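What follows is a set of notes on a single structure, which appears directly below.
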Amino acid sequence: EEELPDGLDGSCSQEEDEDSDSDDSSVTGASSHGSLALVSRNCIKCLAQPTEDQEKVLKPALVCSLFPNVPPTIYFSTWDERVEKLPWEQRKLLRWKMCTVTPNIVKQIVSRSHFRVSKKSNDWLGCWGHHMKSPSFRAIREHQKLNHFPGSFQIGRKDRLWRNLLKMQARCGKKEFNFFPQSFILPQDIKLLRKVWEEGASRQKWIVKPPASARGIGIQVIHKWSQLPKRRPLLVQRYLHKPYLIGGKKFDLRIYVYVTCYDPLRVYLFKDGLVRFASCKYSSSMKSLSNKFVHLTNYSVNKKNTEYKSNPDETACQGHKWALKALWSYLTQKGVNSEVIWEKIKDIVIKTIIASEPYVNSLVKMYVRRPYCCHELFGFDIMLDENLKPWILEVNISPSLHSNSPLDVSIKGQMIRDLLNLAGFVLPSTDSVASRPQVTKSDSTCSLGGALKEKPKAASEHFLAEKMKKAYYLMQKIPDQDFYSSVLDILTPDDVRTLVETEDEYSRRGQFERVFPTHISMRYLRFFEQPRYFNILVTQWELKYYLNKHKGLELLKNWCIKGYHTGAGTDLARTWSLPKSFLLQKSSIQSNGFSKLELGKLG
Numbered sequence: 001e002e003e004l005p006d007g008l009d010g011s012c013s014q015e016e017d018e019d020s021d022s023d024d025s026s027v028t029g030a031s032s033h034g035s036l037a038l039v040s041r042n043c044i045k046c047l048a049q050p051t052e053d054q055e056k057v058l059k060p061a062l063v064c065s066l067f068p069n070v071p072p073t074i075y076f077s078t079w080d081e082r083v084e085k086l087p088w089e090q091r092k093l094l095r096w097k098m099c100t101v102t103p104n105i106v107k108q109i110v111s112r113s114h115f116r117v118s119k120k121s122n123d124w125l126g127c128w129g130h131h132m133k134s135p136s137f138r139a140i141r142e143h144q145k146l147n148h149f150p151g152s153f154q155i156g157r158k159d160r161l162w163r164n165l166l167k168m169q170a171r172c173g174k175k176e177f178n179f180f181p182q183s184f185i186l187p188q189d190i191k192l193l194r195k196v197w198e199e200g201a202s203r204q205k206w207i208v209k210p211p212a213s214a215r216g217i218g219i220q221v222i223h224k225w226s227q228l229p230k231r232r233p234l235l236v237q238r239y240l241h242k243p244y245l246i247g248g249k250k251f252d253l254r255i256y257v258y259v260t261c262y263d264p265l266r267v268y269l270f271k272d273g274l275v276r277f278a279s280c281k282y283s284s285s286m287k288s289l290s291n292k293f294v295h296l297t298n299y300s301v302n303k304k305n306t307e308y309k310s311n312p313d314e315t316a317c318q319g320h321k322w323a324l325k326a327l328w329s330y331l332t333q334k335g336v337n338s339e340v341i342w343e344k345i346k347d348i349v350i351k352t353i354i355a356s357e358p359y360v361n362s363l364v365k366m367y368v369r370r371p372y373c374c375h376e377l378f379g380f381d382i383m384l385d386e387n388l389k390p391w392i393l394e395v396n397i398s399p400s401l402h403s404n405s406p407l408d409v410s411i412k413g414q415m416i417r418d419l420l421n422l423a424g425f426v427l428p429s430t431d432s433v434a435s436r437p438q439v440t441k442s443d444s445t446c447s448l449g450g451a452l453k454e455k456p457k458a459a460s461e462h463f464l465a466e467k468m469k470k471a472y473y474l475m476q477k478i479p480d481q482d483f484y485s486s487v488l489d490i491l492t493p494d495d496v497r498t499l500v501e502t503e504d505e506y507s508r509r510g511q512f513e514r515v516f517p518t519h520i521s522m523r524y525l526r527f528f529e530q531p532r533y534f535n536i537l538v539t540q541w542e543l544k545y546y547l548n549k550h551k552g553l554e555l556l557k558n559w560c561i562k563g564y565h566t567g568a569g570t571d572l573a574r575t576w577s578l579p580k581s582f583l584l585q586k587s588s589i590q591s592n593g594f595s596k597l598e599l600g601k602l603g
């Protein structure tokens, strides 16, 4: 974890390879006063020359909300579009913070929306940068967005990922969490590993990985105890020795997963991705174990093989890197139902993100001013075994966005452009940008969809009603669908804000597919370490309106016209009251944090 740099880093560095945990690129040949358009003039050589400006489709700079009285979001374009310029008073607010890990592809996309390089440490709206230590997130101001959540390394580090998945398996059962190989973290698990090793067959294979490395560094496949490094932290996993092969070669999938919010949880999968092949044919022979070109699929390893072949065509099944959509076409031609595999991958992604949820939510509440301030792209590495069952290998919290071929440019360019639109960047007021940043937690309201971070001591009646409602739906020991469905009967201002943000965000999804919440997400609520009210709310909303989106949107529009989402102009919240049976349960009330003053107001 590293601190977010305070200023622009003018040093020059190269972008890392495909399976890197970070992209090292820098601002080259551009002053901090200049447009980002100057930054990436020579970045991606293989990108086809764009048409002249007059031939490009003109797009508005701002995307209107689906709902009245909700601010618009900044539009990010494709290479064949041009974005209109806002008036200077608004355009001068378009500042992007640069650092050494900002990928060139991000620089290009934000430059098309007329962002300029931030020359101060605090006047930026967006940053694609390093992960930070959790307390450093306090410095992010309410109108700013960083591409990480505090605590996301709980799945981004190999050792933490396996520890958390094992914890989920112990709590929820092997049947639901059987998508990762048997794993041991050394030195803590050395005795357990030795016992399993001695009980196993003589020809067993294990893969050894450093817990926080990338690009295949330090990875080896072993079959003897004497080959195991003893003096450093390691992750040791049972080797998936029967992978599904294409052309005799093993491969893995890079799946792009985007999380916009953790409470409520909103998770998206990009519909395309990368398929990365080993550059030599697979062999189960013990003699082949030292050949990384046979057993590792990392691009940074296999590009060093003279036999490595690139693939310039995103639709072609050729070379050692394919588009994910090309793989699905290939498997379909072989009679395989690729939709079944995709559904299993979605299940793995949702459960893995849930494994990180208690840590991230705790740190967000502790150190982040608004939920708006954080979003994160994850790179999930998945392997298919001989039965086409997907297995998770690792999760990258800074997946490589290096684009050195038309295939990379096409997939990653579209993905980042859709991601930035999905993120929903909002123009701040001039006052909020000019005001002096405070390191302490703000007491202002959250973004649309976020709960209030700090409440006044003299709680308003509508706030009390919201608090009562949340407590009521979280304290039920054995809730059923009929009980949960009643959460939509009367909506509070917080409810409306959350649903408006969820629907607005969904309308900007591009080629991303939302996998949580959906109309089947109720089955996942039992995997959360503790229930979250807004997860119940949005899953019930999806269940009720997924077949009739128009009806749900019209309801929300009417509430926005009346100002319900702002908490103004309505007595709606006061119409929700607790059932008497709940009020009689003194322990339930006390456990949900009601003070004597609040109990008095509840009557």
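Its first residue numbered 1, the sequence shown is counted upward by one per residue in UniProt numbering.
Idealized CB from N, CA, C, for every residue including glycine.
Because the structure is a prediction, the values reported are computed rather than measured.
What first and last residue would you give for the beta strand (DSSP E) that runs through Gly379?
Looking at the DSSP string, the run of the beta strand (DSSP E) that includes Gly379 is 376–384.
Measuring CB to CB, does Pro264 end up less than 8 Å from Val500?
Going by C-beta atoms, Pro264 is not nearer than 8 Å to Val500.
Would you call the segment 373–380 and the segment 136–148 in contact, with 3 or more CB pairs under 8 Å?
In short, these stretches touch, since the Cβ pair count reaches three.
Over what stretch of residues does the beta strand (DSSP E) that includes Trp391 continue unbroken?
Residues 390–396.
Scan the segment 62–109 and note each continuous beta strand (DSSP E) run of 3 residues or more that stays entirely inside, going in chain order.
Counting whole runs of 3 or more residues, the segment 62–109 contains the beta strand (DSSP E) stretches 81–83, 95–97.
Mind checking whether Met383 and Leu525 have CB atoms under 8 Å apart?
Not closer than 8 Å, so no.
In the DSSP assignment, the alpha helix (DSSP H) including Thr352 goes from what residue to what residue?
Its alpha helix (DSSP H) spans residues 338–367.
Start and end of the beta strand (DSSP E) containing Phe184?
Phe184 -> beta strand (DSSP E) spans 183–186.
Looking at the strands, I want to know which residues DSSP matches up with Val57.
The partner list for Val57 (beta bridge, DSSP) reads Glu81.
Answer yes or no: do Tyr367 and Pro135 have a C-beta to C-beta separation smaller than 8 Å?
Closer than 8 Å, so yes.
For Gln476, does the count of other Cβ atoms within 10 angstroms reach 16, so buried, or fall short, so exposed?
Exposed, by the Cβ-count rule.
Kindly indicate which three-state DSSP category Trp322 falls into: helix, strand or coil?
In the structure shown, Trp322 sits in a strand (DSSP, three-state: E or B).
Can you tell which of Lys92, Trp124, Lys107, Gly129 has its C-alpha closest to the C-alpha of Val101?
Comparing Cα-Cα distances from Val101 to each of Lys92, Trp124, Lys107, Gly129, the minimum goes to Gly129.
As a quick exercise: from Glu55, Phe67, Pro68, Ser77, pick the residue whose alpha carbon is nearest that of Ala61.
Ranking the options by Cα distance to Ala61, first place goes to Ser77.
By a C-beta neighbour count over all protein chains shown, 10 Å radius and 16 as the cutoff for buried, is Asn387 buried or exposed?
It counts as exposed.
Going by the beta-carbon positions, is the gap between residue 681 and Val395 smaller than 8 Å?
Examination of residue 681 is not possible in this model, given that the chain is present from 1 through 603 alone.
I believe Phe67 touches Lys557 by the beta-carbon criterion, under 8 Å. Please report the beta-carbon distance rounded to the nearest angstrom.
Confirmed, Cβ separation roughly 5 Å.
Alpha carbon to alpha carbon, how far is Gln290 from Tyr282?
Sequence check: residue 290 is Ser here, not Gln. Roughly 12 Å separates the two Cα atoms.
Rounded to a whole number of angstroms, what is the C-alpha to C-alpha distance between Gln318 and Arg509?
Approximately 30 Å, taken between the alpha carbons.
Shortest alpha-carbon distance to Met468 belongs to which of Tyr533, Leu94, Phe425?
Looking at the Cα atoms, Tyr533 is the closest of the given residues.
Who are Lys209's beta bridge partners in DSSP?
Note: Lys209 sits in a beta bridge opposite Leu235.
Could I get the ranges of all uninterrupted alpha helix (DSSP H) runs contained in the segment 129–200, with 4 residues as the minimum, in chain order?
Correct list: 153–156, 158–172, 190–199.
Leaving aside the five residues before and after Thr297 along the sequence, list all residues of the same chain whose C-beta is less than 7 Å from its C-beta, in chain order.
For Thr297, where only same-chain residues beyond five positions count, the Cβ hits under 7 Å are Lys250, Phe251, Asp252, Arg276, Phe277, Ala278.
Which residues does DSSP list as the beta-bridge partners of Lys249?
For Lys249, which the question treats as bridged, DSSP gives the partners Ile246.
To which residues does DSSP link Arg203 through a beta bridge?
In the DSSP output, where bridge partners are listed per residue, Arg203 has none listed.
Gly126 bridges to which residues according to DSSP?
Looking at the DSSP assignment, Gly126 forms a beta bridge with Trp96, Lys145.
Using the beta-carbon count (16 or more within 10 Å), is Arg171 buried or exposed?
Arg171 should be labelled exposed.
For Arg508, which three-state DSSP category applies?
In the structure shown, Arg508 sits in coil (DSSP, three-state: anything other than H, G, I, E or B).
Report the option in Pro229, Glu198, Arg194 whose CA atom is closest to the CA atom of Lys209.
Among Pro229, Glu198, Arg194, the Cα nearest to that of Lys209 belongs to Pro229.
Let me check one thing: in DSSP terms, what residues is Tyr256 bridge-paired to?
DSSP, once it has assigned bridges, lists Gly379 as partnering Tyr256.
According to the neighbour-count rule (16 or more other Cβ atoms, all chains shown, within 10 Å of its Cβ), is Cys64 buried or exposed?
Classification of Cys64: exposed, given that the 10 Å Cβ count is below 16.
Using the C-alpha atoms, what's the distance from Trp328 back to Lys271?
If you take the alpha carbons of Lys271 and Trp328, they lie about 11 Å apart.
Does the segment 339–357 come close enough to the segment 159–170 that 3 or more CB-CB pairs lie under 8 Å?
Contact holds: three or more Cβ-Cβ distances are below 8 Å.
If we ignore side chains and look at the alpha-carbon of each, how far apart do Ser338 and Tyr268 end up?
Cα to Cα, the separation comes out at about 19 Å.
If you draw a straight line from the C-alpha of Asn69 to the C-alpha of Tyr359, how long is it?
Approximately 34 Å between the Cα atoms of the pair.
Between Glu81, Gln169, Phe115, which has its C-alpha nearest Phe425's C-alpha?
For Phe425, the nearest C-alpha among the options comes from Phe115.
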